[in-house]
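Comments concern the structure below.
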Amino acid sequence: MPGPAPDERIRPEGRRNTQGIRVDPEAEVTHEPRQAVLSALVKHRPGVLSEVSGLFSRRQFNIESLTVGPTSEEDTARMTILIEEPEPGIEQAKKQLQKLVPVVSVSELEPEAVRRELALVKVGGEKPDDVNAVAEMYDGQAVDASTDSVTVEITGSKQKIDAAVEAFRQFDVQEIVRTGAAALERGPNTLDKDD
Amino acid sequence: MSERASVPKEEADEQETESEDAAPVTTGAQSVVRALENAGTEYVFGVQGGAIMPVYDALYDSDINHVTMAHEQGASHAADAYGIVTGDPGVCFATSGPGATNLVTGIADANMDSDPMIALTGQVSKEMVGNDAFQETDTVGITQPVTKESYFASSPDTVGDNVSEAFALADEGRQGPTLVDLPKDVTQGETDIEPKAAATPDTYEVQEEADDEAVQEAADAFAAADRPVILAGGGVIKANASAALRELATEYEVPVVTTMPGIGSFPEDHELSLEWAGMHGTGYANLAITNTDCLLAIGTRFDDRLTGGVDSFAPDADVIHVDIDPAEISKNIYADYPLIGDARKVLRQLFDAMPRAPEADAWREQCQDWKDEYPMEYEMPDDEPLKPQYVVETFSDLTPDDTIVCTGVGQHQMWASQFWEFTKPRTWVSSHGLGTMGYGVPAAIGAKLAAPDQEVVCFDGDGSFLMTVQGISVAVRENLDITYVILNNEAVGMVRQWQDGFYEGRRMASEYPWIPAFDKLAEAFGARGFRLEAEEDVEETIQAARDYDGPSVIDAHIDPGENVFPMVPSGGDNGLFALQEDHLEML
Chain A
1 MPGPAPDERI RPEGRRNTQG IRVDPEAEVT HEPRQAVLSA LVKHRPGVLS
51 EVSGLFSRRQ FNIESLTVGP TSEEDTARMT ILIEEPEPGI EQAKKQLQKL
101 VPVVSVSELE PEAVRRELAL VKVGGEKPDD VNAVAEMYDG QAVDASTDSV
151 TVEITGSKQK IDAAVEAFRQ FDVQEIVRTG AAALERGPNT LDKDD
Chain B
1 MSERASVPKE EADEQETESE DAAPVTTGAQ SVVRALENAG TEYVFGVQGG
51 AIMPVYDALY DSDINHVTMA HEQGASHAAD AYGIVTGDPG VCFATSGPGA
101 TNLVTGIADA NMDSDPMIAL TGQVSKEMVG NDAFQETDTV GITQPVTKES
151 YFASSPDTVG DNVSEAFALA DEGRQGPTLV DLPKDVTQGE TDIEPKAAAT
201 PDTYEVQEEA DDEAVQEAAD AFAAADRPVI LAGGGVIKAN ASAALRELAT
251 EYEVPVVTTM PGIGSFPEDH ELSLEWAGMH GTGYANLAIT NTDCLLAIGT
301 RFDDRLTGGV DSFAPDADVI HVDIDPAEIS KNIYADYPLI GDARKVLRQL
351 FDAMPRAPEA DAWREQCQDW KDEYPMEYEM PDDEPLKPQY VVETFSDLTP
401 DDTIVCTGVG QHQMWASQFW EFTKPRTWVS SHGLGTMGYG VPAAIGAKLA
451 APDQEVVCFD GDGSFLMTVQ GISVAVRENL DITYVILNNE AVGMVRQWQD
501 GFYEGRRMAS EYPWIPAFDK LAEAFGARGF RLEAEEDVEE TIQAARDYDG
551 PSVIDAHIDP GENVFPMVPS GGDNGLFALQ EDHLEML
């Protein structure tokens with residue numbers, strides 16, 4: 001075929017970064033990952049969780065936690081999804097989520113939203129008083145005790161629970177279970193009203 | 001072949017109202033069929049089986065035509081092609097288990113190309129679900145990632161509604177496949193409830209028109225461009241926006257590049273057409289895309305086969321992106337001016353909002369220079385074997401404008417798209433996003449039934465053809481006048497081309513010297529077979545195949561050394577396309 005070879009052709013100056021954003025030739029601009037709390041109202045019906053989690057896994061969104069539970073409306077459930085992604089990824093996650101048919105609405109909560117997770121920690125039962133003392137330091141409480149073990153409940157931010165779990169390590173931790181974060185926006189706004 | 005395919009829309013509507021007087025439904029299966037009738041279904045492509053039998057039984061009393069396919073994959077591709085050509089969802093049936101899994105390839109294919117399609121699968125009875133019963137699979141689970149929505153029908157009273165909703169969902173907004181899984185006890189179960197009219201669920205919202213202010217900003221930016229380009233994707237065709245596209249492009253004199261699925265959205269014989277861009281697109285389309293300063297992209301998802309590496313894709317351009325699906329905005333290429341809406345409506349909005357035409361005389365000249373510099377050509381020395389490009393070009397010259405071209409996937413697909421001159425929408429039926437080998441044979445069947453008055457040709461490769469060759473039996477039984485042309489190079493040629501270019505010529509598992517004599521195979525199926533080897537026989541053979549009233553297969557033995565050019569290596573820079581093998585080494 002005729003025509004100049006590749007290295008003899010007109011070339012533009014510009015460039016895009018890996019996120020498809022046009023960049024200044026002098027400066028590489030990429031968005032660093034940040035954490036986002038997505039709150040989604042979904043139709044409460046079988047298969048929704050798998051649809052949402054499947055979406056996140058096949059699109060390779062970096063998911064931190066996902067919690068789901070019923071709301072005050074009988075046919076609606078709320079999911080709280082923590083993801084860590086660069087800005088375009090967060091936008092994309094929101095749009096893809098919104099696109100799922102059973103999803104009613106999606107919004108990103110402000111960083112100052114109320115966020116809580118729950119941990120149950122089962123430790124050895126040799127020093128119940130010491131366990132209780134540590135639990136109180138983290139506003140937790142023993143919820144089950146036997147001769148061999150004590151189970152403590154802690155509620156709070158991820159950091160607080162991390163710290164509590166660390167503190168319990170001195171008591172021969174036998175089992176830990178943690179939920180992901182559940183979150184609500186501060187103030188009077190609700191997701192339903194936003195719609 | 002049924003005559004219903006040619007029933008005009010108005011008459012079809014009348015038939016719809018007639019069905020209101022039909023006998024009331026008594027079973028879930030009848031409700032399923034009623035929902036299909038209400039939605040205007042004329043054809044269903046499928047394969048019988050244990051779990052879907054109640055639905056077939058209900059179909060016995062319906063005016064809907066059922067086409068028995070030789071394999072469920074073929075049913076899904078035929079339905080997909082039917083959807084592409086008509087614009088309305090194609091319908092396919094399969095039984096549970098292997099029937100349903102065989103449909104998955106076609107469903108995934110439709111999903112990637114946003115083709116309207118609805119799949120109905122049989123399922124074991126509800127009380128058996130989860131017990132690994134005979135021919136049970138989790139069809140909803142398997143298909144969820146590749147459908148707009150997959151439904152598990154839970155009751156005879158609502159199964160018809162499920163089908164109606166799935167139908168509406170496949171068609172509205174960004175089109176795509178939906179699936180309804182039908183447990184046998186649900187379809188066998190008694191009900192006297194008629195299905196509701198087709199409507200999407202209330203959580204599904206489609207924005208039809210773009211925000212006026214955003215349109216104005218985009219129009220101003222486009223009008224101010226020095227090097228504007230319109231990039232028309234498959235969404236233009238899906239939205240029936242070809243006329244609106246032509247109006248905008250010709251009124252404001254802007255060069256038009258299409259994507260591969262967008263082929264046919266703008267006439268390739270128009271002076272503003274630069275044909276299609278991407279890995280094997282024309283050099284001039286790729287140079288225009290690379291050097292534009294304002295790209296109006298409509299109904300494209302910026303697939304990597306189009307963009308090459310995103311860092312070098314239209315690097316100087318402000319991007320105006322028109323799409324019905326908000327999730328496509330800034331997914332792969334950042335949109336400076338996102339316009340969410342139906343392509344036809346937004347193009348109309350843009351047309352009205354343009355303050356003036358871009359001053360782009362020099363740019364248009366530049367584009368013309370590129371067309372002259374890098375024409376789509378191939379060499380045809382006298383002593384060489386047959387050139388595939390020549391076969392395609394000759395066929396294109398012989399046929400009317402509205403001829404529908406179907407393909408498999410591979411080198412033949414690229415030659416067909418490069419050397420056929422497309423001037424009308426819905427005449428190019430191919431597997432783009434998923435790149436499904438074997439798509440061609442059944443797709444041509446769906447296309448022919450969708451448009452019985454139009455000529456249908458299918459270009460296939462020897463490897464691709466072999467994957468769904470059993471579909472020829474269906475074309476014979478239905479007496480479909482389709483011309484299959486196998487561009488036979490005794491290889492999966494595209495793989496071999498990559499092996500030669502990027503794997504030091506180590507041709508692992510890419511050469512097929514054991515393929516059958518396709519002309520004889522065609523005859524064995526009851527079709528007409530032709531063997532084509534010499535350039536001087538091309539026109540005569542094509543004419544003979546076209547003249548034959550029924551399916552014919554031309555086994556065209558082409559130059560095995562021929563490769564597809566231009567080529568942009570995977571993830572490469574569109575402006576640096578290779579025109580020949582040794583250019584690849586420069587890149």
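Protein chains in written order, with UniProt numbering: chain A, 1 to 195; chain B, 1 to 587. In this text, a Cβ means the ideal position worked out from N, Cα and C, and glycines have one as well.
| Item | Value |
| --- | --- |
| Span of the alpha helix (DSSP H) around Tyr390 of chain B | Pro388 to Leu398 |
| Short-range partners of chain B found in the UniProt region "Disordered" (1-31) of chain A, where Cβ spacing is below 8 Å | Met1, Pro2, Gly3, Pro4, Ala5, Pro6, Asp7, Arg9, Ile10, Arg11, Pro12, Glu13, Gly14, Arg15, Arg16, Asn17, Thr18, Gln19, Gly20, Ile21 and Arg22 |
| Glu175 of chain A, buried or exposed, once every other Cβ within 10 Å from all chains shown has been counted against 16 | exposed |
| Sequence ranges, alpha helix (DSSP H) only - wholly within the UniProt domain "Thiamine pyrophosphate enzyme central" (215-350) of chain B, length at least 4 | 234-238, 242-252, 283-291 and 304-307 |
| Host beta strand (DSSP E) of Val180 of chain A (start-end) | A quick correction: the sequence has Gly, not Val, at residue 180 of chain A. Neither: Gly180 of chain A is in no beta strand (DSSP E) and is coded neither H nor E. |
| Inter-residue Cα distance where the pair is Leu347 of chain B and Ile320 of chain B | 12 Å |
| CB contact check: Asp361 of chain B to chain A, cutoff 8 Å | no |
| heavy atom of the ligand MN below 7 Å from Gly435 of chain B C-beta | No copy of the ligand MN occurs in the structure displayed, which carries no ligand at all. |
| Straight-line gap, Gly54 of chain A to Phe459 of chain B (C-alpha atoms, nearest Å) | 37 Å |
| Segment limits, alpha helix (DSSP H) that includes Gln454 of chain B | Segment: none, Gln454 of chain B is in no alpha helix (DSSP H) and carries neither H nor E. |
| C-beta atoms of Gln141 of chain A and Glu153 of chain A nearer than 8 Å | yes |
| Chain A contacts from the stretch 312-330 of chain B (Cβ-Cβ distance under 9 Å) | Ser312, Phe313, Ala314, Pro315, Asp316, Ala317, Asp318, Val319, Asp325, Pro326, Ala327, Glu328, Ile329 and Ser330 |
| The stretch 205-222 of chain B in contact with the stretch 95-114 of chain B per 3-pair CB rule at 8 Å | no |
| Contacts that Asn240 of chain B makes with chain A (C-beta to C-beta distance below 9 Å) | Going along chain A, no residue has its Cβ under 9 Å from Asn240 of chain B, so there is no contact; the nearest lies around 23 Å. |
| Residue burial classification, Asn291 of chain B (beta-carbon count within 10 angstroms, cutoff 16) | buried |
| Simplified DSSP state of Val33 of chain B, which is helix, strand or coil | helix |
| Beta carbon of Arg531 of chain B nearer than 8 Å to that of Asp549 of chain B | no |
| Buried/exposed call for Glu3 of chain B, threshold 16 Cβ in 10 Å | Its pLDDT being 36, under 50, Glu3 of chain B is placed unreliably in this model, and the coordinates cannot settle the point. |
| C-beta contact flag for Val236 of chain B and Gly283 of chain B at 8 Å | no |
| Three-state secondary structure (DSSP) of Ile486 of chain B | strand |
| Presumed contact (8 Å Cβ cut-off) between Thr121 of chain B and Asp181 of chain B, rounded CB distance | 5 Å |
| Cys367 of chain B - partner residues in DSSP beta bridges | According to DSSP, Cys367 of chain B bridges with nothing at all. |
| Given 8 Å, three or more beta-carbon pairs between the stretch 498-509 of chain B and the stretch 415-427 of chain B | no |
| Where Arg186 of chain A sits in the DSSP three-state scheme | coil |
| Chain B within 8 Å of Glu91 of chain A, Cβ atoms only | yes |
| Extent of the continuous beta strand (DSSP E) to which Thr76 of chain A belongs | Thr76 to Glu85 |
| Residues near Ser570 of chain B by beta carbon distance below 6 Å, same chain, minus five either side | none |
| Leu97 of chain A versus Trp415 of chain B - alpha carbon distance | 39 Å |
| Residues that DSSP places opposite residue 588 of chain B in a beta bridge | Summary: the structure shown does not reach residue 588 of chain B, with chain B confined to residues 1 through 587, and so no result is reported for it. |
| Close-in-space but distant-in-sequence residues of the same chain around residue 657 of chain B (CB under 7 Å, 5 per side omitted) | Examination of residue 657 of chain B is not possible in this model, given that chain B is present from 1 through 587 alone. |
| CB contact flag (Leu386 of chain B, Glu581 of chain B, <8 Å) | no |
| Closer than 9 Å at the beta carbon, the chain B residues around Pro86 of chain A | By Cβ distance, chain B contributes nothing, its closest Cβ being about 12 Å from Pro86 of chain A, past 9 Å. |
| Endpoints, the beta strand (DSSP E) within which Gln135 of chain B is located | Gln135 of chain B -> no beta strand (DSSP E), and no H or E assigned at all. |
| Distance, Ser72 of chain A Cα to Pro188 of chain A Cα | 16 Å |
| Assigned secondary structure, Pro375 of chain B (DSSP; H/G/I helix, E/B strand, else coil) | coil |
| Three-way DSSP call (helix, strand, coil) for His432 of chain B in this model | coil |
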